[in-house]
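Here's the structure, in structure tokens; my notes come after.
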Amino acid sequence: PGSGDSAEREEEARRREEEAMLEEQKRMKDQMNQEEEMLKEQKEVQQIQDQILQELEAKEREEEEERLAVQREEAKRLARKGVELLAAALRFNSLDEDEGFDAFDQDG
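Numbering-wise (the numbering used here), the sequence shown opens with residue 2 and increments by one.
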């Protein structure tokens, strides 16, 4: 009769050990799933950050192009103004001496 109790205790101990192993496997699987989920979220965050960076770089390029276009237009305007001033100076210099300097001649 005593040997039956011993066999039952051994069976119970073995069953508890199997349950503990199954619990540990489940815990490890849950932890791996959590880590996989975290990695997935990190990848999504990285993709969003990359997208934002690309959009910022594109906006900066666009703003730089606009700034350069404004500078080109200003340079053209100044060049036209310079041509106008040069043309006026040439016209002024091509006048007869009397015509060109009458207004400035204080003596006569």
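Built from N, CA and C at the ideal position, the CB exists for glycine as well.
Restricting attention to beta strand (DSSP E) runs no shorter than 3 residues, the region 74-101 encloses none. In this model, Glu63 and Gln72 are separated by some 14 Å (Cα to Cα). Cβ-Cβ distances below 6 Å link Arg10 to nothing in the same chain once the five nearest sequence neighbours on each side are left out.
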